[in-house]
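Some notes on the structure that comes next.
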Amino acid sequence: MVVCPWTLDNPLTAYGRQQAEGLGHDWKDVHIDALYSSTSPCAYDTALQIAEHNHDTTLKAAKGSLFDNRRMGQQVIAAIHAGDTELAANLYMGLRPSENGATPRHYRPPVGGNSPEDVAFRAKTCLIRLLKHHGKDLDEPPKEFLDEVVINSPNVLPKGIPHAVIVSHNIFMSELYEVMFRWDTPYRMMTCNYGLGEW
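Structural data, given as structure tokens:
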């Protein structure tokens, strides 16, 4: 996953491209059954680097809006273009300048923006589709993971279990994590701060 700047869907910077190439090189020996990307240029460029460096020369990156980050809405984008980042932030977050805290779960930025709940719905849809296409029935959990709380590397994935990779953004990945971790509960954590190119 690569977390792109929240402002606009820009292509990778030179430094971002260097990070994406490094990630592709680091993952060159990782078994990947499917590679998905949001439609953001920086996410898709990163997915292309993963595919290009992977030992499986048939691996392709599939791009889809299902994996997109929270859409800002046209008024937020207009405020950014006008240089009014404070207004853009207020419109995006749905909070008054004097308020602090998380964006209300059902707040949509004006003119086409997504609420956190919209992103959560997409994440749940994504998970269901991934399970339908790549899920595998197991008699028991993989022995490699029984005592593990955190898996720190994609290189330790058990053989025989499909590995789907999603290249997306902080908010989408946080909502996807939440829907996997807390399947049918209304509780949501604050957005996790994933680093760039992080597993």
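Anchor point for the sequence shown: position 63 equals 57 in the numbering used here, and the numbering is continuous, going up by one each time.
Cβ coordinates follow ideal geometry from the N, Cα and C atoms, glycine included.
Assuming contact is defined by CB atoms lying nearer than 8 Å, are residue i and residue j in contact in what I supplied?
i	j	result
G106	G67	yes
N109	H100	What sits at residue 109 in the sequence shown is Ser, not Asn. Yes, Cβ-Cβ distance for S109 and H100 is below 8 Å.
V113	Y30	no
H157	H25	yes
E117	F166	For the sequence presented, residue 117 should be read as Ala rather than Glu. In this structure, F166 lies closer than 8 Å to A117 by Cβ.
S201	V161	Here the chain has residues from -5 to 193 only, and residue 201 is not among them.
A55	A41	yes
H163	A37	yes
V150	E134	no
F175	C120	no
P35	N4	yes
Do you know offhand how far residue i's Cα is from residue j's?
i	j	result
L132	T51	29 Å
E46	N84	40 Å
I71	E172	27 Å
C(-2)	W21	Low confidence applies here, because C(-2) scores a pLDDT of 41, under 50, leaving its location unreliable and the question unanswered by this model.
L6	G16	13 Å
L89	P103	11 Å
D78	Y86	12 Å
M(-5)	I44	Unreliable placement is indicated for M(-5), whose pLDDT of 38 sits below 50; the coordinate value is still reported in the next sentence. Spanning the two alpha carbons is a distance of roughly 10 Å.
A8	T179	41 Å
F115	S168	12 Å
W177	E111	14 Å
E80	P152	47 Å
P136	L170	22 Å
K57	G10	19 Å
R65	L53	28 Å
D39	H75	24 Å
Which word fits residue i, buried or exposed, when buried means at least 16 other C-beta atoms lie within 10 angstroms of its C-beta?
i	result
L125	exposed
Q12	exposed
I122	exposed
A14	buried
K198	The structure shown does not extend to residue 198, since the chain spans only -5 to 193, so no value can be given for it.
S147	exposed
G154	exposed
D23	exposed
A82	buried
N94	exposed
Who does residue i pair with in a DSSP beta bridge?
i	result
V161	S31
K57	S31
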